[in-house]
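Residues in the sequence shown are numbered from 9 upward in steps of one, following the numbering used here. Each residue gets a CB set at the ideal place from its N, CA and C atoms; glycine is no exception. This structure is a prediction, so every number in the text was calculated from the model and none was measured.
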Amino acid sequence: MRAWRVETGDWHICPGDRLKSVVITAVSTQDARFQLKPGEGVDAIHTNPQYAYAVTLLHTDASLSGVGLALTLGAGTEMVCDAIEVLAMPLVGREIEELMASFGQVFRQIADHPQLRWLGPHKGVVHLALASLTNACFDLWAKARGVPLWKLLVDLTPAAIVALLDLSYLEDVLRPEDVLRLLEQEAVHRHEREPILTQGYPGYDTSVGWFHYSDDQVRDNARRAVDAGFLAMKLKVGSPDPARDIRRALLVRDVAGPDVQIMLDANQQWTLPIALRTCLELAAMHPYWIEEPTHPDDVLAHQTLARAIAPVRVAAGEHIPHRVLFKNYMQAGAAHFIQVDCTRVGGISEFITVSLLARQFNLPVVPHVGDMGQIHQHLVLFNRVALGHEKIFLEYIPHLRDYFRFPALVQGGVYRPPQEPGSSSDLLG
């Protein structure tokens, strides 16, 4: 049996051992909901959030289980769990190594369920269910190999990575041979990027300026984030009175200083005319980006806005549900930062696909963390080392730390690479 040895940071291989067979014997779900403290998680649209997960549990014939997460905000989680149970049938009885050797085909089979596809396609409740299932498969795979997910992914061959992906509907911009060529090209210089596997990945504090926080709370949170070592932070905007947004944005800039990156997030609140006017007014405080300025399905509105407010840049992806819509954003030049989230798209497999698309279009990936950074702390390491993505930062939201068995470790504003086997998705209790 091969195992990742935490103490020395390398593989431990026992003579004569080989990877143990792990078979999925059953699938169950958990509707996990967590009450937030007053003001936490509130933005211009989501005024009463309850952070929640539709959890997939893959039971096996070994002492291992796979855990998958898809984020919801409370109500409706039970519907995602119901969909997981329907979609999970092709996984039962499968050995995990054999399953992951052709996971792209399995992903497409589940995504194109002959009846449930009508409810999407590839979006909404059924696609969130697929995200949870997919994430559970990757978690179990890493646990079966005894390594953290990032280690599993960075060690995969280019051919093995291609086998994980569903590239359908992308053939005009991304074919299997394109992925192989990119991975092989990036392998030449990956040793120059591998120090990040010990140094860690920079984070940014997104909990500084929730929408209902008072000015004093925002000011105190910004100071606290700077003192904690964060070099970037986020403020929620989208007020009925744009003057409030401008005042609060300038307040954060004053506290954080000129060298800290500050992002502004409207959470889809603005129509295009309001976004055009307000983004130009907010440009005075030099935002690093303006996030989700309008409806996520309106690619052309984002394109219009991106052109009109340059050099201010647009970020999007939190509510973009699948690779095809991401492709359209990239083709249209409608976003400068790609915020793909493996708990929104169809899980880790589709996250990797979107990351590859972004490399094709020379766009950075800065994930939204519906998982609170637990899974994405692995994925940004893979993106950096294997795909050659630019190192920027990863969103940090601390509100559910106490509910995870192995909460993400952020020190000095930096995510420290996790060492436990799996994807860091195990919940307590």
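Going by CA-CA distance only, name the one from ALA119, HIS220, ARG424, VAL30 that's closest to PRO46. Nearest of ALA119, HIS220, ARG424, VAL30 to PRO46, Cα basis: HIS220.
Is the CB-CB distance between LYS151 and GLY430 below 8 Å? A contact, by the Cβ cut-off of 8 Å.
Take PHE345 and list the residues in its own chain whose beta-carbon comes closer than 7 Å to its own, dropping the five residues that flank it on each side. Excluding sequence positions up to five before and after PHE345, its CB lies within less than 7 Å of the CB of TRP297, ARG321, ALA323, PRO372, VAL374, all in the same chain and listed in chain order.
Simplified DSSP assignment, three categories, for MET380: Assignment of MET380 by DSSP, reduced to helix, strand and coil, places it in the coil class.
How about VAL100 and VAL162: do their beta carbons lie closer than 8 Å? Result no, Cβ atoms of VAL100 and VAL162 do not sit closer than 8 Å.
Can you tell me whether ARG392 is buried or exposed, with buried defined as 16 or more other CB within 10 angstroms of its CB? So ARG392 ends up on the buried side.
On the DSSP letters alone, give me the boundaries of the beta strand (DSSP E) that ARG41 sits inside. Looking at the DSSP string, the run of the beta strand (DSSP E) that includes ARG41 is 32-42.
Among TYR61, GLU202, ARG367, HIS54, the one whose alpha carbon lies nearest that of TYR411: With distances taken between Cα atoms, TYR411 lies closest to TYR61.
Which residues bound the beta strand (DSSP E) around ASP273? It spans 269-273 - the beta strand (DSSP E) in which ASP273 sits, taken as one unbroken run.
Assuming GLU105 contacts HIS407 under a Cβ cut-off of 8 Å, what Cβ separation, rounded to an integer in Å, is found between them? Taking a contact as a CB-CB distance under 8 Å, the pair GLU105 and HIS407 does not count as one, their CB atoms being some 36 Å apart.
Distance between beta carbons of GLU403 and VAL362, contact taken as under 8 Å: The C-beta distance from VAL362 to GLU403 rounds to 16 Å, too long to fall under 8 Å, and the pair is not in contact.
Run the CB neighbour count on GLY437, radius 10 Å, all protein chains shown included, and call it buried at 16 or more, exposed below. Burial is judged here by how many other beta carbons sit within 10 angstroms of a residue's own beta carbon; GLY437 has fewer than 16 and is exposed.
Simplified DSSP state of PRO210, which is helix, strand or coil: DSSP places PRO210 in strand when its eight states are reduced to three.
Cα separation between THR16 and PRO156? Low per-residue confidence applies at THR16: pLDDT is 41, beneath 50, and the placement is therefore not dependable, though the value from the model is reported in the following sentence. In a straight line, the C-alpha of THR16 is about 14 Å away from that of PRO156.
Can you grab the Cα-Cα spacing for the pair VAL268 / ALA240, in whole Å? Cα to Cα, VAL268 sits roughly 5 Å from ALA240.
7 Å Cβ shell around THR6 - same chain, five flanking residues per side excluded: One cannot answer for residue 6 here, as it falls past the ends of the chain, which runs 9 to 437.
Using the beta-carbon count (16 or more within 10 Å), is VAL353 buried or exposed? Buried, by the Cβ-count rule.
Cα separation between PHE186 and PRO266? Looking at the sequence shown, residue 186 is not Phe but Asp. When the Cα atoms are used, ASP186 and PRO266 turn out to be separated by approximately 41 Å.
Extent of the continuous beta strand (DSSP E) run through GLY74: Note, GLY74: beta strand (DSSP E), 73-80.
Spatially closest choice to THR206 from SER432, PRO425, LEU435, SER433, by CA coordinates: Considering only alpha carbons, the answer is PRO425.
Counting only runs that start and end within the segment 296-364, where is the alpha helix (DSSP H) found for 4 or more residues in a row? As far as the segment 296-364 is concerned, its whole alpha helix (DSSP H) runs of at least 4 residues are 307-317, 331-340.
Pick out whichever of ALA230, LYS335, ARG255, VAL388 has its Cα sitting closest to the Cα of LEU182. Cα-wise, what sits closest to LEU182 is LYS335.
Measuring straight from C-alpha to C-alpha, what distance separates ALA292 and PRO248? Rounded to whole angstroms, the gap between the alpha carbons of ALA292 and PRO248 is 19 Å.
If we count the other Cβ atoms within 10 Å of its Cβ and call it buried at 16 or more, is MET97 buried or exposed? It counts as exposed.
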